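Remarks on the structure that follows.
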Amino acid sequence: MLGEARHGGVDPRLGAALAEGYTLPAAWYTEPAWFAREQEQIFRRTWQYVGLAEQVAKPGDFFTAQVGTVPIIVTRDETGTVRAFVNVCRHRGSILVAEECGHGKIFQCPYHAWTYGLDGALRAAPGMREEASFDRGQFSLFGLRAELWGPFIFVNLDAAAAPLAAALGELPALVAATGAPLDRIRRRVRTVYDIAANWKVVVDNYLECYHCPVAHPGFTQLIDTNNYTITEYDLFSTQGGALREEKQGAESLYDTSGAVRDGFYAYLWPNFTLNIYPGQGNTSINLFLPLGPDRTRAIFEYCFVETVGEEEERDFVRFIEQVQVEDIVLCETVQRGLGTGFFDQGKLMLWQEGALRHFQRLVHRFVTA
Numbered sequence: 001m002l003g004e005a006r007h008g009g010v011d012p013r014l015g016a017a018l019a020e021g022y023t024l025p026a027a028w029y030t031e032p033a034w035f036a037r038e039q040e041q042i043f044r045r046t047w048q049y050v051g052l053a054e055q056v057a058k059p060g061d062f063f064t065a066q067v068g069t070v071p072i073i074v075t076r077d078e079t080g081t082v083r084a085f086v087n088v089c090r091h092r093g094s095i096l097v098a099e100e101c102g103h104g105k106i107f108q109c110p111y112h113a114w115t116y117g118l119d120g121a122l123r124a125a126p127g128m129r130e131e132a133s134f135d136r137g138q139f140s141l142f143g144l145r146a147e148l149w150g151p152f153i154f155v156n157l158d159a160a161a162a163p164l165a166a167a168l169g170e171l172p173a174l175v176a177a178t179g180a181p182l183d184r185i186r187r188r189v190r191t192v193y194d195i196a197a198n199w200k201v202v203v204d205n206y207l208e209c210y211h212c213p214v215a216h217p218g219f220t221q222l223i224d225t226n227n228y229t230i231t232e233y234d235l236f237s238t239q240g241g242a243l244r245e246e247k248q249g250a251e252s253l254y255d256t257s258g259a260v261r262d263g264f265y266a267y268l269w270p271n272f273t274l275n276i277y278p279g280q281g282n283t284s285i286n287l288f289l290p291l292g293p294d295r296t297r298a299i300f301e302y303c304f305v306e307t308v309g310e311e312e313e314r315d316f317v318r319f320i321e322q323v324q325v326e327d328i329v330l331c332e333t334v335q336r337g338l339g340t341g342f343f344d345q346g347k348l349m350l351w352q353e354g355a356l357r358h359f360q361r362l363v364h365r366f367v368t369a
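Residue numbers (full-length UniProt numbering): 1 to 369.
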C-alpha cells in the first residue's frame, strides 16, 4: 500500500502499484480536483460515443448530447455529412439548443436569435448590419470532429487527435466475428439512471464478473461465468461467456434462439460499452457520463433487429434492466465506502479483474500524461 498525495498530487510509486494489482487511491474517486483533471486530460482528448446514425437519418435531423461535461449538437447537413458542434451560441455563451432531438434547417439561439446553418456558419444576427466591424465569418459554431463506426457516432473535442480507427483497433473485427448484425439493429428502448457514484466506480464494476455469482443470479443462469474470458487490448477490453446449455431452449430468461451463441461484452476507453447477447444479436449500449466526483449518468440503449417481436424485446429489456439495477446498488455502496476516509487502496484478484487493472492504468496514463 502507498500513501497517495491528495489534492492533485500523484505519488510516483502509483504506476508500479497499479501494475501489481493495487487499485487507484480513493481520492481519485472522491475529490473534485481529480474530477477536473480527468475532464481535461481524458474527456477532452478521447473519442466518445454520442448516439446512433439513425438519430440523424435525414439532413436537418439533430440531437443533443454531452462529451464529458461539454454540451454538443449532432446533425446531418445538406450534403449528408454528420457534423458535431459545441452547443453554445457564439454571441454571449448561451446554450443554443435545448431540445433533445428534432429536425430543422437552422439553429436559432433563444436569447438574441443568432441563427446558424446546419454547417455551423452564422447566417444572421439581429442588427448585425449596424455594426460596421462585425464579421459573421468569425462567429461560426465551434466545430468538433465526428466519425462513425457502423451505426455508432463518436465525437472528439481534440482537433489533433488520431482518427477513430486508431482507438478502435481490432474491436470492429472482433464484433463482426460474433455474428451480430449491427447493420440491421435499431434502437427501441432507452433508459437513463443518475447514479450516486464516480464514473470510474461504474466502469470498474462493468469490467469484472467476479461479482456475478454473488450479485447477478439471473445473469449467471444464462451465461457460464465459470469459463468467462477477459482479453485486454490497447484502448479496449473484452469479456465473454458461453450460453449455458440448459438455458438454450424456450425456458430461458428471454428467447435466446438465433445465430449468436455467446455473450460478448466490449469496453472502449473511456466510457462506452457494447454488449452482444445470445440470440438474434440483441445488443445494448452503455454510456457512462461523468457529472461530478460522485455522480454519473448511465444511459442504456437497447437495439434489436426487425425480426425481434415486442414480447421478446420486453423480456430482454426486463432481464438486462434487472442486472443494471443490481449494479447501481453495488456502485453506490462502493462510493459510500470510498468516502469514509478509511479506505485508501484495495488489491485486485487479477485472474478475474485484469480488465479493471487495464482500465485503471489507462486512467493513470492519461491523467499523468
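Think of the CB as a built atom: it goes at the ideal place given N, C-alpha and C, for glycine as much as any other residue.
Just so we're clear, the structure is a prediction, and the values are computed from it rather than from any experiment.
Enclosing beta strand (DSSP E) for residue i [first to last residue]
i, result
"Asp262", "Asp262 to Leu268"
"Ala84", "Val82 to Val86"
"Gly337", "Note, Gly337: premise wrong, no beta strand (DSSP E); alpha helix (DSSP H) at Glu310 to Leu338."
"Pro71", "Val70 to Arg76"
"Glu208", "Run containing Glu208: none; DSSP gives neither H nor E here."
"Pro290", "Thr283 to Gly292"
"Gly241", "Phe236 to Ala242"
"Ala146", "Gly143 to Trp149"
"Phe152", "Phe152 to Asn156"
"Leu274", "Phe272 to Ile276"
"Arg187", "Arg186 to Ile195"
"Thr115", "Thr115 to Gly117"
"Ala124", "Leu122 to Ala124"
"Thr231", "Thr229 to Glu232"
Beta-carbon gap between residue i and residue j smaller than 9 angstroms
i, j, result
"Glu310", "Asp255", "no"
"Val86", "Pro110", "no"
"His91", "Phe142", "no"
"Glu306", "Arg184", "yes"
"Gly179", "Val260", "yes"
"Leu348", "Gly21", "yes"
"Val367", "Arg37", "yes"
"Tyr43", "Lys200", "The sequence shown places Phe at residue 43, rather than the Tyr named in the question. Contact flag unset, no."
"Val50", "Ala84", "yes"
"Val10", "His364", "yes"
"Ala124", "Trp114", "yes"
"Pro290", "Asn198", "yes"
"Leu268", "Ala177", "no"
"Asn271", "Leu287", "yes"
"Leu356", "Glu208", "yes"
"Gly263", "Ala242", "yes"
"Gln345", "Leu118", "no"
"Cys212", "Ile223", "yes"
"Thr340", "Val202", "no"
"Arg244", "Gly15", "no"
"Phe316", "Gly279", "yes"
"Ala215", "Leu350", "no"
Inter-residue CB distance, residue i and residue j (contact presumed, cutoff 8 angstroms)
i, j, result
"Thr46", "Asn156", "7 angstroms"
"Gln41", "Ala266", "No, Gln41 and Ala266 are not in contact; Cβ-Cβ is about 23 angstroms, not under 8 angstroms."
"Tyr302", "Arg188", "6 angstroms"
"Ala17", "Phe343", "Going by Cβ atoms, the distance from Ala17 to Phe343 rounds to 15 angstroms, so no, they are not a contact pair."
"Ile153", "Ala53", "6 angstroms"
"Val74", "Val67", "10 angstroms between Cβ atoms; not a contact."
"Gln39", "Thr79", "Going by Cβ atoms, the distance from Gln39 to Thr79 rounds to 33 angstroms, so no, they are not a contact pair."
"residue 379", "Arg186", "Past the edges of the chain, shown from 1 to 369, lies residue 379, and the structure says nothing about it."
"Ala196", "Asp294", "6 angstroms"
Residue i: first and last residue of the uninterrupted alpha helix (DSSP H) it sits in
i, result
"Val305", "Per DSSP, Val305 belongs to no alpha helix (DSSP H) and is neither H nor E."
"Val97", "Val97 -> no alpha helix (DSSP H), and no H or E assigned at all."
"Phe219", "Pro217 to Leu222"
"Phe107", "Taken as a continuous stretch (DSSP letters only), Phe107 belongs to no alpha helix (DSSP H), being part of the beta strand (DSSP E) at Ile106 to Gln108."
"Glu353", "Leu350 to Val367"
"Ala167", "Leu164 to Leu168"
"Leu253", "From DSSP, Leu253 is part of no alpha helix (DSSP H); its letter is neither H nor E."
"Leu171", "Leu171 to Ala177"
Any contact between the segment 282-294 and the segment 211-222? By contact I mean 3 or more CB pairs, one from each, below 8 angstroms. Touching, no, given that fewer than three Cβ pairs across the two stretches are closer than 8 angstroms.
Please confirm if the segment 127-134 is in contact with the segment 53-62, defined as three or more CB-CB distances below 8 angstroms between the two stretches. no
Evaluate the contact criterion for the segment 29-36 versus the segment 152-165: three or more CB pairs, one atom per stretch, below 8 angstroms. no
Does the pairing of the segment 93-108 with the segment 319-330 give three or more beta-carbon distances under 8 angstroms? For the pair of segments examined, the segment 93-108 was found not to touch the segment 319-330: the number of CB pairs separated by less than 8 angstroms stays below three.
Is it the case that the segment 190-202 contacts the segment 230-238, given that we only count it when at least three CB pairs across the two stretches are under 8 angstroms? no
What ranges does the alpha helix (DSSP H) occupy inside the segment 4-60, keeping only unbroken runs of at least 4 residues that lie completely in it? 14-19, 27-30 and 32-38
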